Amino acid sequence: MYDKDIFLMQVLLSCMDKDYFLHVVLEMFKLLPWSSSSYNVDKSDEIRINQELALAGEFLHLLIIILGEH
């Protein structure tokens, strides 16, 4: 199932606006605030910081897979 999901995302990426695709994937990972230039983090909320970093890592990993798979 994993390969089919990646293939579908690659097809979508090739057919739709790239900015919109990134927006949708960031929204899927709930990282839209993280991606904005005005993002401020509360350093006392360590759990939230760790969660966002983990999600950001998964988001970047997905992008690498989508762009790198043939």
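The opening residue of the sequence shown carries number 2 in this note's numbering; numbering runs sequentially from there.
Note that CB positions come from ideal geometry on N, CA and C, so glycine has one too.
Quick caveat: nothing in here was measured; it's all calculated off a predicted structure.
DSSP-derived helix/strand/coil call for residue i
| i | result |
| --- | --- |
| Glu70 | coil |
| Asp20 | helix |
| Phe30 | coil |
| Asn51 | helix |
| Val25 | helix |
Contacts around residue i, its chain only, beta-carbon distance under 8 Å, and the 5 residues preceding and following it disregarded
| i | result |
| --- | --- |
| Ile67 | Ile7, Met10, Gln11, Leu14 |
Endpoints, the alpha helix (DSSP H) within which residue i is located
| i | result |
| --- | --- |
| Asp6 | 3–16 |
| Ser36 | 33–36 |
Close Cβ partners of residue i (< 7 Å) along its chain, the five nearest in sequence each way excluded
| i | result |
| --- | --- |
| Val42 | Ile50 |
| Leu54 | none |
| Ala57 | Leu32, Trp35 |
Expected contact under 8 Å - CB spacing of residue i and residue j to nearest Å
| i | j | result |
| --- | --- | --- |
| Val25 | Phe60 | Not a contact, Cβ separation roughly 12 Å. |
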